[in-house]
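Input: a single structure, listed below in structure tokens.
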Amino acid sequence: MPATCSACGTSPAALRRPKTGHALCRACFLAAFEEETHQAIVAGRLFRPGETVAIGASGGKDSTVLAHLLQLLDQRHGYGLRLLLLSVDEGIAGYRDASLAAVRRHQHRSGLPLHVVSYRQLYGWSMDRIARHLGPRNNCTFCGVFRRQALDRGALLMGADKIATGHNADDVAETVLMNFLRGDVGRLRRGAGAGPAGGEGAVPRCKPLRHAYEKEIVLYAYFQGLDYFSTECVYAPQAYRGYARALLKELEAARPSAVADLGHSGERLSLRSDLRMPARGTCQRCGYVASQPLCKACVLLEGLDRGLPKLGIGKHRRLRDKLQDGQPLTQEERRRLGALAEEEPPEEQVPLGELGRDEELWGKQELRGPRDLDF
Ligand SMILES: [Zn+2]
Ligand SMILES: [Zn+2]
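For the sequence shown, my numbering assigns the number 118 to the initial residue and increments by one for each residue that follows.
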């Protein structure tokens with residue numbers, strides 16, 4: 118590593134930037150990272166003056182850096198935003214309770230208002246209770262569907278015009294890879310944009326850190342001394358994002374620009390215009406955005422409440438339709454669902470799910486600190 122910073126030419130370099138390879142001192146790195154985020158916000162027209170922005174705050178590094186930066190840049194550049202912290206409590210003992218404590222510490226220091234919405238309060242089910250009914254697999258499917266809706270509901274409750282999430286360039290690249298491999302054109306079309314176009318939810322979303330490399334977010338948090346929580350979710354992951362993530366890390370090792378390039382590819386993909394996209398309607402039961410008579414969360418809840426938790430997963434459409442119409446299932450159909458109601462075991466005898474990675478951003482395996490990086 119060269120002895121002096123390549124930007125100011127005076128201070129000793131403290132790191133080599135993962136994104137560009139430049140050797141920089143601490144002050145020049147922080148300044149560059151902040152300015153790039155500001156430029157991304159301006160170029161993407163992410164916010165308008167006077168808007169109320171709910172920052173999805175998980176207590177992890179991405180959303181902690183996001184909340185810190187938005188507050189700093191709003192003051193520095195006069196965006197005129199009303200910033201709020203919005204957290205989702207999934208009800209995962211040993212994980213979310215600890216990360217919410219980090220959010221509360223951030224709230225205390227920053228003075229930003231905080232609102233917490235919980236699965237228990239919104240759906241009547243905590244993730245720990247869902248996991249006891251469901252077993253070790255598929256928990257992330259439930260959690261992802263419920264979290265998306267919970268963020269929307271919390272944002273509406275707080276009167277927010279927009280939700281800002283901490284998705285970074287690595288997350289965007291992984292998602293592009295996964296959607297491409299699955300041929301999921303709906304998500305490819307919606308997914309790569311920075312916002313504020315919205316997506317499938319009720320409140321428009323944006324990702325101000327979508328061009329920021331995960332490694333640089335870790336470095337920024339470290340050099341700013343930000344206090345965040347980094348432990349993996351206790352529930353087993355859906356493996357597919359893990360493979361996309363591993364593949365991306367290999368590509369990045371060979372060529373650091375691969376992370377940004379994949380994000381750009383996702384934005385530039387043009388899809389055939391005659392592809393049929395699902396129509397957007399509203400859920401008959403809860404009024405949330407839905408392309409079917411019931412939204413995904415209500416279908417999953419229907420299964421849980423009937424003691425058939427796997428109803429919402431996989432290819433059970435005919436059974437789902439029957440249940441939604443209130444028709445009884447035959448013995449054979451109940452057997453096929455393979456998840457007949459069992460007595461819920463008493464609380465204290467139930468072990469937590471297997472240790473593993475959450476498919477979703479908030480619980481995924483994280484770089485814990487700069488020691489995980491080689492620079
Ligand atoms: Zn410098
Ligand atoms: Zn619904």
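Heads up, the beta-carbon is just placed ideally off N, CA and C, and yes, glycines get one too.
Check your understanding: When we look at the beta-carbon of P325 and count the other beta-carbons within 10 Å, is it buried (16 or more) or exposed?
Key -> Here residue 325 refers to the residue found at position 208 when the sequence shown is read from its first residue. Answer is buried; the Cβ neighbour count reaches 16.
Heavy atoms of ligand 2 versus C-beta positions, residues under 6 Å: C400, R402, C403, Y405, L411, C412, A414 and C415
task = Give the single residue among R221, R222, A215 and G228 whose Cα lies nearest to the Cα of R199.
result = On the sequence shown, residue 199 is found 82 positions in, with the first residue counted as 1. If we check each option's Cα against that of R199, G228 comes out closest.
Exercise for review: Rounded to whole angstroms, what's the CA-CA distance from A130 to F146? Just pull it up for me.
Suggested key: Here residue 130 is taken as the residue at index 13 of the sequence shown, counted from 1. Here residue 146 is taken as the residue at index 29 of the sequence shown, counted from 1. Rounded to the nearest angstrom, the two C-alpha atoms are 9 Å apart.
key: Which residues DSSP lists as bridging C66, in chain order   = The question about residue 66 has no answer here: the residues shown for the chain are numbered 118 through 492.
Cβ of L141 versus every heavy atom of ligand 1: is any distance shorter than 7 Å? Mapped onto the sequence shown, residue 141 falls at position 24. L141 Cβ: within cutoff of ligand 1.
Any non-hydrogen atom of ligand 1 closer than 7 Å to A124 Cβ
Position 7 of the sequence shown, counting from 1, holds the residue named residue 124. Yes, ligand 1 has a heavy atom inside 7 Å of this Cβ.
> Do G177 and F346 have their CB atoms nearer than 8 Å?
Replying inline: Taking the first residue of the sequence shown as position 1, residue 177 is located at position 60. Taking the first residue of the sequence shown as position 1, residue 346 is located at position 229. A contact, by the Cβ cut-off of 8 Å.
Next on the checklist: For A144, tell me which candidate among S123, I158, A160 and H155 has the shortest Cα-Cα distance.
Outcome noted: Position 27 of the sequence shown, counted from the first residue, corresponds to residue 144. When each option's Cα is compared against that of A144, the closest is S123.
CB of A144 to nearest heavy atom of ligand 1: below 7 Å?
-> Sequence index remark: in the sequence shown, residue 144 carries index 27 (1-based). It does: the Cβ of A144 is within 7 Å (strictly closer) of some heavy atom of ligand 1.
Under three-state DSSP, which class holds A338? By one-based count along the sequence shown, residue 338 stands at place 221. Residue state, collapsed to three classes: helix.
Is the closest heavy atom of ligand 1 to the C-beta of S128 under 7 Å?
-> Numbered from its first residue, the sequence shown carries residue 128 at position 11. For ligand 1, at least one heavy atom lies less than 7 Å from the Cβ of S128.
With DSSP as the reference, label V233 as helix, strand or coil.
Indexing the sequence shown from 1 puts residue 233 at position 116. Reduced to three states, the DSSP call for V233 is strand.
message: Just to confirm before moving on: does the CB-CB distance between L365 and V376 stay below 8 Å?
response: For the purposes of this step, residue 365 is taken as the residue at position 248 of the sequence shown. For the purposes of this step, residue 376 is taken as the residue at position 259 of the sequence shown. Going by C-beta atoms, L365 is nearer than 8 Å to V376.
Going along the chain, which unbroken runs of the alpha helix (DSSP H) with 4 or more residues stay wholly within the segment 195-263?
213-227, 236-240 and 244-251
Quiz item: What residue from F164, V335, G208 and L190 has the CA that sits closest to Y352's CA?
Solution: Here residue 352 is taken as the residue at index 235 of the sequence shown, counted from 1. Closest option to Y352, Cα to Cα, is G208.
Which residues in the same chain have their Cβ closer than 8 Å to the Cβ of A281, if we skip the five residues on either side of it in sequence? Here residue 281 refers to the residue found at position 164 of the sequence shown. Same-chain partners within the cutoff: L163, V170, A171, I172, G173, L183, L187, R322, C323, K324 and P325.
Among V335, S175 and L231, which one has its Cα closest to the Cα of L101?
A question about residue 101 goes unanswered here, because the residues of the chain that appear run from 118 up to 492.
Candidates T137, G303, L425 and L268: which alpha carbon is nearest R249's?
Start at 1 with the first residue of the sequence shown, and residue 249 comes out as number 132. Among T137, G303, L425 and L268, the Cα nearest to that of R249 belongs to L425.
Does A363 come out as helix, strand or coil in the three-state DSSP assignment? For the purposes of this step, residue 363 is taken as the residue at position 246 of the sequence shown. Helix.
* Which word fits L217, buried or exposed, when buried means at least 16 other C-beta atoms lie within 10 angstroms of its C-beta? -> For this step, residue 217 is matched to residue 100 along the sequence shown. The residue is buried, with at least 16 neighbouring Cβ atoms inside 10 Å.
Practice task
State the Cα-Cα distance for the pair L202 and D438, rounded to the nearest angstrom.
Solution key: Residue numbering aside, residue 202 sits at position 85 when the sequence shown is read from its first letter. Residue numbering aside, residue 438 sits at position 321 when the sequence shown is read from its first letter. Distance between the alpha carbons of L202 and D438 is about 38 Å.
Segment contact flag, the segment 241-248 with the segment 270-290, C-beta cutoff 8 Å, min 3 pairs
no
Nearest-angstrom Cα separation, counted from P135 out to A371
For the purposes of this step, residue 371 is identified with residue 254 of the sequence shown, where counting begins at 1. For the purposes of this step, residue 135 is identified with residue 18 of the sequence shown, where counting begins at 1. If you take the alpha carbons of A371 and P135, they lie about 12 Å apart.
Q) If we count the other Cβ atoms within 10 Å of its Cβ and call it buried at 16 or more, is A160 buried or exposed? A) For the purposes of this step, residue 160 is taken as residue 43 along the sequence shown, with counting starting at 1. Burial call: exposed.
Could you compute how far the alpha carbon of G312 sits from the alpha carbon of L368? The count along the sequence shown starts at 1 and reaches residue 312 at position 195. The count along the sequence shown starts at 1 and reaches residue 368 at position 251. Below a pLDDT of 50, predicted positions are generally treated as unreliable, and G312, at 41, falls in that range; no measurement from the model is reported.
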